[in-house]
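In terms of the numbering used here, the sequence shown opens at residue 2 and continues consecutively. Idealized CB from N, CA, C, for every residue including glycine. Values in this document were obtained by computation on a predicted structure and should not be read as measured data. For reference, the structure is listed below as structure tokens.
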Amino acid sequence: MLLSSLSPQAALLEGLVQIALQAGKRALEIYHGDFTVMKKDDDSPVTQADREAEAIILQGLKKLQPGVAVIAEEEYAKTKKGYNTDSFFLVDPIDGTQEFVNKRDEFTVNIALIKKAYPILGVIYAPAINRLYVGDVLAKTAWAADTTEDFQIENRNSIQIREAGEKWDVMTSFSHNNPATEAYLKQLPIENRIKAGSSLKLCLLAEGKADIYPRLSPTHEWDTAAGHAILLAAGGNVIDETGENLTYGKPGYRNPGFIAYGSEQPPLPVKK
């Protein structure tokens, strides 16, 4: 695809897709080899894949959008350097590092563009399952595609949320369910629980394969931004525990608990 034939927004999004594919390729090479699991200052795991994928993304973004600030998980963990700007990228080079470490294939490469506190573009690539998700909030378009062994895109299809029924299918985490989330789920008319790793839970909502994904424990903004953009572009939303839309650029780039949903906004958690 010739980037010169696309609108500026579409060309930017295509550039983000190519960067995610490159980072995912390197992450997959490391995943299928021998790697060492290290610990960050907060005791969370980190691997060579996190660091090398992030380096690829940072280099790619510098060429694609020079001068635009980037908040990337591993770099921020080292420097704690933020930016006071209306426009910036949020990068999680490997979302689901625990999945990566445990050899579960549902880890992802996440890149999002934030403008005025909201995500407007999002790309999520899951290289081990050959799946790519993309969202353009301003154009109200979201799509998913498969990827080939040589990291080419095929079977691209538009995605959108589904209409919720009387009972809901809920996305839950392999690694991060907590008592507050479990208590909240008891408030809801749940039909099925669907477990998935990393930001794929937001993608599956966008794809119409579930109705709600609550996570009532802290996360960082790079964990949610790309999936948030894809879900918004597909017709869904993400709110915090008070019912306000989830925003970005908060102190420390930390999120409160959130609830992601498709067509029907669920009730808020009952405070005891």
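Classify residue i as helix, strand or coil using the three-state DSSP reduction.
{"i": "V69", "result": "coil"}
{"i": "L201", "result": "helix"}
{"i": "G136", "result": "strand"}
{"i": "P268", "result": "coil"}
{"i": "T173", "result": "strand"}
{"i": "E245", "result": "coil"}
{"i": "T182", "result": "helix"}
{"i": "I260", "result": "strand"}
{"i": "T225", "result": "helix"}
{"i": "P46", "result": "strand"}
{"i": "A235", "result": "coil"}
{"i": "I162", "result": "coil"}
{"i": "M2", "result": "The predicted position of M2 is uncertain, since its pLDDT is 47 and thus under 50; a value taken from the coordinates is nonetheless stated next. M2 falls in the coil class under three-state DSSP."}
List the whole-angstrom C-beta distance separating residue i from residue j, where the pair is believed to meet the contact cut-off of C-beta under 8 Å.
{"i": "I20", "j": "I58", "result": "6 Å"}
{"i": "V38", "j": "V135", "result": "Not really, about 30 Å apart at Cβ, beyond 8 Å."}
{"i": "E75", "j": "R52", "result": "6 Å"}
{"i": "K117", "j": "D87", "result": "5 Å"}
{"i": "A227", "j": "V124", "result": "6 Å"}
{"i": "Q99", "j": "P46", "result": "7 Å"}
{"i": "F89", "j": "I115", "result": "5 Å"}
{"i": "I162", "j": "L206", "result": "7 Å"}
{"i": "E242", "j": "L217", "result": "6 Å"}
{"i": "A262", "j": "Y119", "result": "Before going further, note that residue 262 is Tyr rather than Ala in the sequence given. That belief does not hold up - the Cβ atoms of Y262 and Y119 are roughly 17 Å apart, past 8 Å."}
{"i": "S264", "j": "E164", "result": "5 Å"}
Could you tell me the boundaries of the beta strand (DSSP E) in which residue i lies?
{"i": "R157", "result": "I154 to S159"}
{"i": "V18", "result": "That residue, V18, is in no beta strand (DSSP E); its alpha helix (DSSP H) goes P9 to Y32."}
{"i": "P215", "result": "I213 to R216"}
{"i": "A145", "result": "T142 to T148"}
Any C-beta of chain D sitting closer than 9 Å to the C-beta of residue i?
{"i": "R52", "result": "The structure shown has no chain D; it contains just one protein chain."}
Any 3 or more C-beta pairs closer than 8 Å across the stretch 163-175 and the stretch 206-216: yes
Three-pair Cβ contact test at 8 Å for the stretch 97-117 versus the stretch 215-228: yes
Ranges of the alpha helix (DSSP H) found wholly within the stretch 49-127, counting only runs of at least 4: 49-65, 74-80 and 98-102
Contact the stretch 123-131 vs the stretch 17-37: 3+ CB pairs below 8 Å: Yes: at least three Cβ pairs fall under 8 Å.
Stretch-stretch touch, CB-based, cutoff 8 Å, three pairs: the stretch 50-70 with the stretch 11-18: The stretch 50-70 and the stretch 11-18 touch, with no fewer than 3 CB-CB distances between them shorter than 8 Å.
Three-pair Cβ contact test at 8 Å for the stretch 227-238 versus the stretch 136-152: yes
Contact the stretch 191-204 vs the stretch 147-156: 3+ CB pairs below 8 Å: When Cβ pairs closer than 8 Å are counted between the two stretches, the stretch 191-204 is seen not to touch the stretch 147-156, the count staying below three.
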